[in-house]
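Chemist: Sharing a structure below in structure tokens format, with a few things to ask.
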Amino acid sequence: FRKKFIERRALFYRIRAEKLSERSSTSLEILTEAKSMIDSEVNLCRSLLLFEYMEDHLRAANEDIAGSLELPICSELISMFQEDRTEELESAFVLLSKTRNGLAHAKDSIAELAQRDWAEVLDVPDGPRDENEDQTWQLSYCIERLSRVIGDREQTFMLTDFSSMYATYLEGLSTALRRMPRKGLPIWKCAVLYAHNILSRKESDSRNQLHTWERVLQVLPNKDLFLVDYRRKLMERGLRERAEIVIEKLALDLLMNTLRSSQVVAMYSMVDDLDKSESMTRSWHEQDQSSSLCSIKILSSQNWMLDRRGCEAPGLMGTLTSGMLTTSAQQAST
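What follows is the structure in structure tokens.
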């Protein structure tokens, strides 16, 4: 009886799914219908089946329902991402996780993102392009969009296929954010810009976004190039008074856990220098109220002027000299 019951219910689901397809239903209508079918199945099981049969039957029913609606849902995933329909995406992934091949089909759909014209989707103009605030904002917006759907849902079925989904998405995104026509921005550069953006915000905003950045690091190629450029951005934040010491150390902790590089150890020393500099600057201000514009920099770790090969990093000397001259012009001792 139970076997025939399941077969008849599965046929019923397929008929309803076909009717939805015939009506050219929207993704929201399909997901709403799926939820309605699952809820009605739960109520039906409670009234007809013994408790020990309910779990097995509901598992089979969920798979049948999701399987019936799998193809129309997957066909809408691309537009859900592009239009940032986050709630629909979450519901779609939950439903697809109940089928045997649902997440595999979802990954195929996400892979198509890399083939889309991202410049058009993100409204990125052609021609030479600087790494300005607008570009960084677009990058942050897109990474956080995907993270809200995949990363923020702490569910096993998401985490299992998370890395490959993320890597595919970032590959397509890096091609869209262009500095020159038809030339993509490398993923490692995207990760640096994203980190620089969130670490330049207020401490509370940065703290909330760091775990999203950690997920990007897990699928990051060219880790050495990333770390060299990341250190340059750290220096820039430090000299421009945009470094929040607590958040910078938290970011380095995430880097150490993910990448485990000697370059990260060197950056810990640089952040310690910034911490000492801030402490001395506060003491100076407390002693002399007229020197509130003073900013003291104590760069003692010997990691500021070296690149990863132990050589002087090009362009850094001029930057540091400029920073010290600015302080001297304000009649401060450095």
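UniProt numbering applies: residue 1 is where the sequence shown begins, and numbers increase by one. Just so you know, even glycine gets a beta-carbon here, dropped at the ideal spot from N, CA and C.
The alpha helix (DSSP H) spanning ARG282 covers which residue range?
Modeler: Per DSSP, ARG282 belongs to the alpha helix (DSSP H) from 262-287.
Chemist: If you compare alpha carbons, which of PHE226, ALA266, THR212 and THR258 is closest to PRO186?
Modeler: Of the listed residues, the one whose Cα sits closest to PRO186 is PHE226.
Chemist: Which residue comes first and which comes last in the alpha helix (DSSP H) that contains LEU225?
Modeler: LEU225 -> alpha helix (DSSP H) spans 223-239.
Chemist: Nearest to LYS202 by alpha carbon, out of LEU44, GLU214, GLU241 and VAL228?
Modeler: Nearest of LEU44, GLU214, GLU241 and VAL228 to LYS202, Cα basis: GLU241.
Chemist: Are ALA34 and ILE65 touching if we call contact CB-CB under 8 Å?
Modeler: Yes, these two residues count as a Cβ contact at 8 Å.
Chemist: What would DSSP say about ASP84, mapped onto helix, strand or coil?
Modeler: Of the three classes helix, strand and coil, the one that applies to ASP84 here is coil, per DSSP.
Chemist: In angstroms, rounded to a whole number, what distance separates the CA positions of LEU159 and ALA92?
Modeler: Model confidence at LEU159 stands at a pLDDT of 48, short of 50, so the residue's coordinates are unreliable and nothing is read from them.
Chemist: Give the single residue among GLY102, SER97 and LEU31 whose Cα lies nearest to the Cα of GLU87.
Modeler: Cα-wise, what sits closest to GLU87 is LEU31.
Chemist: ARG8 by DSSP, collapsed to three states: which one?
Modeler: Three-state result, ARG8: helix.
Chemist: Taking the beta carbon of ASP205 as the centre, do at least 16 other beta carbons fall within 10 Å, making it buried, or is it exposed?
Modeler: Exposed, since its Cβ has fewer than 16 Cβ neighbours within 10 Å.
Chemist: Suppose you measure from the CA of CYS190 to the CA of LEU170; what does that come to, to the nearest Å?
Modeler: For CYS190 and LEU170, the distance between alpha carbons rounds to 8 Å.
Chemist: Between LEU95, LYS98, THR212 and GLY102, which has its C-alpha nearest TYR141's C-alpha?
Modeler: It is THR212.
Chemist: By alpha-carbon positions, which one of VAL219, ARG23, PRO72 and VAL265 ends up nearest to TRP304?
Modeler: Among VAL219, ARG23, PRO72 and VAL265, the Cα nearest to that of TRP304 is on VAL265.
Chemist: What residue from SER68, VAL216 and LEU20 has the CA that sits closest to ARG100's CA?
Modeler: For the residues SER68, VAL216 and LEU20, the minimum Cα distance to ARG100 belongs to SER68.
Chemist: Exposed or buried, what is residue 413 when buried is set at 16 or more other beta-carbons lying within 10 Å of its beta-carbon?
Modeler: Residue numbering for the chain in the displayed model covers 1 to 334; residue 413 lies beyond these limits and cannot be assessed.
Chemist: Alpha helix (DSSP H) containing VAL246: first to last residue?
Modeler: That run of the alpha helix (DSSP H) goes 245-259.
Chemist: Using the rule of at least 16 other Cβ atoms within 10 Å of the residue's Cβ for burial, across every protein chain shown, is ASP39 buried or exposed?
Modeler: Exposed.
Chemist: Are LEU250 and LEU193 close, meaning C-beta to C-beta below 8 Å?
Modeler: Contact flag unset, no.
Chemist: Quick check on the burial criterion: 16 or more other C-beta atoms within 10 angstroms. Buried or exposed for ARG59?
Modeler: So ARG59 counts as exposed.
Chemist: Does DSSP put ASN101 in a helix, in a strand, or in coil?
Modeler: In this structure, ASN101 counts as coil in the three-state DSSP scheme.
Chemist: Where ILE247 and ASP253 are concerned, what is the direct C-alpha to C-alpha distance, given to the nearest angstrom?
Modeler: For ILE247 and ASP253, the distance between alpha carbons rounds to 10 Å.
Chemist: Excluding five sequence neighbours on each side, which residues of the same chain lie with their C-beta closer than 7 Å to the C-beta of PRO221?
Modeler: Answer for PRO221: ILE187 and TRP188, listed in chain order.
Chemist: Whose C-alpha, out of TYR13, VAL42, SER295 and ARG231, is nearest the C-alpha of GLU278?
Modeler: Comparing Cα-Cα distances from GLU278 to each of TYR13, VAL42, SER295 and ARG231, the minimum goes to SER295.
Chemist: Measuring only the C-alpha atoms, how far is GLY310 from LEU255?
Modeler: Since pLDDT at GLY310 reaches only 44, below the 50 mark, its modelled position is unreliable, and no value is offered.
Chemist: Of the residues SER36, CYS74, LEU234 and ASP84, which one's Cα is nearest the Cα of SER102?
Modeler: Checking the sequence shown, residue 102 turns out to be Gly, not Ser. The residue with the shortest Cα to Cα distance from GLY102 is CYS74.
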